[in-house]
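Asker:
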Amino acid sequence: MSVVVRFAPSPTGFLHIGNARPALFNWLFALKHQGRFILRFDDTDRERSTVEFAAAISEDLAWLGIRPDVVVRQSDRLAHYDAAVATLKATGRLYPCYETADELDRRRKRQIARGLPPIYDRTALKLSDAERATLEAQGRRPHWRFKLDQVDVTFQDLVRGEVHVHADSLSDPVLVREDGTYLYTLPSVIDDMALGITHVIRGEDHVVNTGVQIQLFKALDATPPVFAHHNLLTTVGGEGLSKRTGALSLRSLRDSGIEPMAVASLAVLIGTSDRVEPIADMATLAAHVDLAHVSRAPAKFDPADLATLNAKLVHQLPYEAVRERLDALGIGGGQSFWNAIKGNVSTVAEASTWWRIIFDTVTPTVEDPDFATTAASVLPRTPWDETTWTTWTETLTAATGRKGKALFLPLRRAITGRDHGPEMRLLLPMMDRERVVARLKGEAA
Ligand code: GLU
């Protein structure tokens, strides 16, 4: 059986690190099993769904490195849902209900007051044809509920093992609203059937839906797919990440210099028994990730961990991976520049700091002008290479008796204006000799 998975966002907001997780789990699962990945926009909520959000989601997925094989929109597929509704009505599994939201609310309150679970009591099932006709004559339009089998629905979850959903403690779910629009439950099942979805990987907030949806698959004579429900991401304080957590949206992470593979590595490893480490590419991450390792407890996300992981990833990036971005930022210097400084930046864009220090004007810090003058006087002639720094500092030790920090720190401060940074042995040969001499003299150069 070849694997077919889908990621099914509602285009009602931007992707953030939390709701990118099902996209990543599905994508990695497809990669691992040479399967297909479908992007399905759950856009039946016409008021909240927008084409702009759909476009932004596609763009953010592309940034992550997720390339869907197929893209579908539920708004294009309404005829399929209508056909299923006809079947469910014919088999008596979908029944019309006429209660208003207010009536249902009052009924729920009465049930709670009497210590009963607030489950829909199936009053509408008992309506006679004449009663329904009267209600319709009063101008009421029905919404439609799926008549659940009141049994324990059991399934094997790839994350959670055997899962039970007690359908006898659930209300019959509304599948079609009064105005004929669809709620999420039915269209999802129809699409999963029609598109041959083999595995549904989604957040554990959908476990109860799965119980209901398994009954729908069966009511429509289909075999349910395999399910996997991953844990959800929360803030360090334990709150859920809502769609509106702007700072954690993929686009704002991207704008703040976070690498897509840092997001991907953290997002899928954080809630597992595996160590969170930066993984360089999706294929390696796919081989690494195992749904059975996903924890059942929520995964706590600290943005500081993402920054740390990003820095580790950046330190490992080869020049080829950043060349275009450095060019776009106007940062030259090529491979030797990148290799010299990458260990000292936490984002690729930060390379510009070192670019300016090496190739642009810096005001140096010279605390001991005599020492700096001596240093300038024994500075080797060009051409320079990676041995020049050692030659120079050994000469300086011989001339001044200075060693260690007393020798290196004043030179670093004078030449870079900073206390810390990349190895001077690598920086020096990239620099202009006149500039180094000027900075040793305390001149901005
Ligand atoms: N649109 C649903 C959601 O975003 C899809 C859930 C599913 O994967 O079936 O939660």
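Every number in the numbering used here is 21 more than the matching position in the sequence shown, counting from 1.
Don't be surprised by glycine CBs; every beta carbon is placed ideally from N, CA and C.
Looking only at its chain, what residues have a beta carbon closer than 8 Å to the beta carbon of residue 279, apart from the 5 residues adjacent to it on each side?
Answerer: In the sequence shown, residue 279 corresponds to position 258, counting from 1. Around residue 279: 327, 328, 331, 368.
Asker: Does the Cβ of residue 203 lie closer than 7 Å to at least one heavy atom of the ligand GLU?
Answerer: One-based indexing of the sequence shown puts residue 203 at position 182. False, no ligand heavy atom lies under 7 Å from that Cβ.
Asker: Between the Cα of residue 394 and those of 435, 217, 67, 39, spot the shortest distance and give me the residue it belongs to.
Answerer: One-based indexing of the sequence shown puts residue 394 at position 373. Selected option, being the one with the closest Cα: 435.
Asker: Among the candidates 96, 303, 230, whose CA atom is the shortest distance from the CA of residue 174?
Answerer: Counted from its first residue, the sequence shown places residue 174 at position 153. It is 230 whose Cα lies nearest to the Cα of residue 174.
Asker: I'd like to check one pair, residue 373 with residue 350: are the Cβ atoms closer than 8 Å?
Answerer: By 1-based counting over the sequence shown, the position of residue 350 is 329. By 1-based counting over the sequence shown, the position of residue 373 is 352. Cβ distance < 8 Å, so residue 350 and residue 373 count as in contact.
Asker: Under the assumption that residue 117 contacts residue 153 (Cβ atoms under 8 Å), give the Cβ distance between them as a whole number of angstroms.
Answerer: For this step, residue 117 is matched to residue 96 along the sequence shown. For this step, residue 153 is matched to residue 132 along the sequence shown. Sure, about 7 Å apart at Cβ, within 8 Å.
Asker: Please list the terminal residues of the continuous alpha helix (DSSP H) segment that includes residue 60.
Answerer: Against the sequence shown, residue 60 aligns to sequence position 39. Note, residue 60: premise wrong, no alpha helix (DSSP H); beta strand (DSSP E) at 57–62.
Asker: Leaving out five residues before and five after residue 179 in sequence, what residues of the same chain have Cβ atoms less than 6 Å from its Cβ?
Answerer: Taking the first residue of the sequence shown as position 1, residue 179 is located at position 158. 249, 312.
Asker: Evaluate contact between the stretch 351–371 and the stretch 444–451, counting only Cβ atoms and requiring at least three cross-stretch pairs below 8 Å.
Answerer: The stretch 351–371 vs the stretch 444–451: in contact.
Asker: Helix, strand or coil for residue 405, going by three-state DSSP, please let me know.
Answerer: On the sequence shown, residue 405 is found 384 positions in, with the first residue counted as 1. It is coil, neither helix nor strand.
Asker: Considering only the beta carbon of each residue, do residue 60 and residue 28 sit closer than 8 Å?
Answerer: Position 39 of the sequence shown, counting from 1, holds the residue named residue 60. Position 7 of the sequence shown, counting from 1, holds the residue named residue 28. It is a contact, given that the beta carbons lie within the stated cut-off.
Asker: Would you mind sorting residue 303 into buried or exposed? The rule is 16 or more other CB atoms within 10 Å of its CB.
Answerer: Mapped onto the sequence shown, residue 303 falls at position 282. Buried, by the Cβ-count rule.
Asker: Might you give, ordered along the chain, the residues of its own chain that have their beta carbon closer than 8 Å to the beta carbon of residue 255, omitting 5 neighbours on each side?
Answerer: Looking up residue 255 in the sequence shown gives position 234. Closer than 8 Å at the Cβ level, and outside the excluded window around residue 255, lie 261, 262, 319, 320, 321, 322.
Asker: Tell me the start and end of each unbroken alpha helix (DSSP H) in the stretch 140–190 that is at least 4 residues and wholly inside, in chain order.
Answerer: Qualifying alpha helix (DSSP H) stretches, in chain order: 150–158.
Asker: Can you tell me which of the three DSSP states residue 102 falls into?
Answerer: Counting from 1 along the sequence shown, the entry for residue 102 is found at position 81. Three-state result, residue 102: helix.
Asker: Just to confirm the assignment, what range does the alpha helix (DSSP H) spanning residue 78 have?
Answerer: Here residue 78 refers to the residue found at position 57 when the sequence shown is read from its first residue. First-last of the alpha helix (DSSP H) with residue 78: 72–85.
Asker: Rounded C-beta distance between residue 223 and residue 43? I'm assuming under 8 Å.
Answerer: Within the sequence shown, numbered from 1, the residue matching residue 223 stands at position 202. Within the sequence shown, numbered from 1, the residue matching residue 43 stands at position 22. At roughly 5 Å, the Cβ-Cβ gap stays under 8 Å, so residue 223 and residue 43 are in contact.
Asker: Quick check: the Cα distance between residue 289 and residue 45, rounded to an integer number of angstroms?
Answerer: Within the sequence shown, the letter at position 268 stands for residue 289. Within the sequence shown, the letter at position 24 stands for residue 45. Straight-line Cα distance between these residues: approximately 7 Å.
Asker: Determine the closest residue to residue 77 out of 356, 424, 272, with distance taken between C-alpha atoms.
Answerer: Here residue 77 refers to the residue found at position 56 of the sequence shown. Nearest C-alpha to residue 77: 272.
Asker: How big is the Cα-Cα spacing for residue 133 and residue 207?
Answerer: The count along the sequence shown starts at 1 and reaches residue 133 at position 112. The count along the sequence shown starts at 1 and reaches residue 207 at position 186. If you take the alpha carbons of residue 133 and residue 207, they lie about 29 Å apart.
Asker: For residue 46, which three-state DSSP category applies?
Answerer: Translated into the one-based positions of the sequence shown, residue 46 becomes position 25. Helix.
Asker: Buried or exposed for residue 210, please, with buried defined as at least 16 other CB atoms from any protein chain shown within 10 angstroms of its CB.
Answerer: Mapped onto the sequence shown, residue 210 falls at position 189. Residue 210 should be labelled buried.
Asker: Where does residue 137 land, buried or exposed, given buried means 16+ other C-beta within 10 angstroms?
Answerer: In the sequence shown, the residue the question calls residue 137 occupies position 116. By the neighbour-count rule (16 or more Cβ atoms within 10 Å), residue 137 is not buried but exposed.
Asker: What residue from 168, 199, 67, 198 has the CA that sits closest to residue 192's CA?
Answerer: In the sequence shown, residue 192 corresponds to position 171, counting from 1. Minimum Cα distance to residue 192 is reached at 168.
Asker: Regarding residue 246 and the ligand GLU, is the C-beta to nearest heavy atom distance less than 7 Å?
Answerer: As a first step, residue 246 must be located in the sequence shown, where it is residue number 225. For the ligand GLU, not one heavy atom lies less than 7 Å from the Cβ of residue 246.
Asker: If you drop the 5 nearest sequence neighbours on each side, which residues of the same chain put their C-beta closer than 8 Å to that of residue 90?
Answerer: Here residue 90 refers to the residue found at position 69 of the sequence shown. 57, 58, 59, listed in sequence order.
Asker: Would residue 25 pass as a contact of residue 218 if the rule is Cβ separation under 8 Å?
Answerer: One-based indexing of the sequence shown puts residue 25 at position 4. One-based indexing of the sequence shown puts residue 218 at position 197. Cβ distance < 8 Å, so residue 25 and residue 218 count as in contact.
Asker: With a CB to CB cut of under 7 Å and the five nearest residues on each side skipped, what residues in its chain are close to residue 164?
Answerer: Locating residue 164 in the sequence shown gives position 143, where the first residue counts as 1. Closer than 7 Å at the Cβ level, and outside the excluded window around residue 164, lie 118, 195, 197, 198, 199.
Asker: Take the Cβ of residue 225 as the centre, count every other Cβ of all protein chains shown within 10 Å, and call the residue buried at 16 or more, exposed below.
Answerer: Sequence index remark: in the sequence shown, residue 225 carries index 204 (1-based). Buried.
Asker: So, are the CB atoms of residue 270 and residue 292 less than 8 Å apart?
Answerer: Along the sequence shown, read from residue 1 onward, the residue named residue 270 stands at position 249. Along the sequence shown, read from residue 1 onward, the residue named residue 292 stands at position 271. Their beta carbons are not under 8 Å apart, which means residue 270 does not touch residue 292 by this criterion.
Asker: Under DSSP, the alpha helix (DSSP H) around residue 457 begins and ends at which residues?
Answerer: Working through the sequence shown from its first residue, we reach residue 457 at position 436. Per DSSP, residue 457 belongs to the alpha helix (DSSP H) from 454–461.
Asker: How many Å lie between residue 426 and residue 306 at the Cα?
Answerer: The residue you call residue 426 lines up with position 405 of the sequence shown. The residue you call residue 306 lines up with position 285 of the sequence shown. Their Cα atoms are separated by approximately 42 Å.
Asker: In the stretch 221–289, which residue ranges form an unbroken alpha helix (DSSP H) of at least 4 residues, counting only runs that do not cross its ends?
Answerer: List check, alpha helix (DSSP H) in window: 228–240, 271–276.
Asker: Need the endpoints of the beta strand (DSSP E) that residue 363 sits in, please.
Answerer: Here residue 363 is taken as the residue at index 342 of the sequence shown, counted from 1. From DSSP, residue 363 is part of no beta strand (DSSP E); its letter is neither H nor E.
Asker: By the 10 Å Cβ neighbour count, where 16 or more other Cβ atoms means buried, how is residue 220 classified, buried or exposed?
Answerer: Looking up residue 220 in the sequence shown gives position 199. Counting Cβ neighbours within 10 Å, residue 220 comes out buried, since at least 16 surround it.
Asker: Please work out which residues of its chain come closer than 7 Å, Cβ to Cβ, to residue 70, disregarding the five sequence neighbours upstream and downstream, and give them in chain order.
Answerer: What you label residue 70 is simply residue 49 of the sequence shown in a count that begins at 1. Counting only Cβ-Cβ distances below 7 Å, and skipping sequence neighbours, we find 31, 32, 33, 64.
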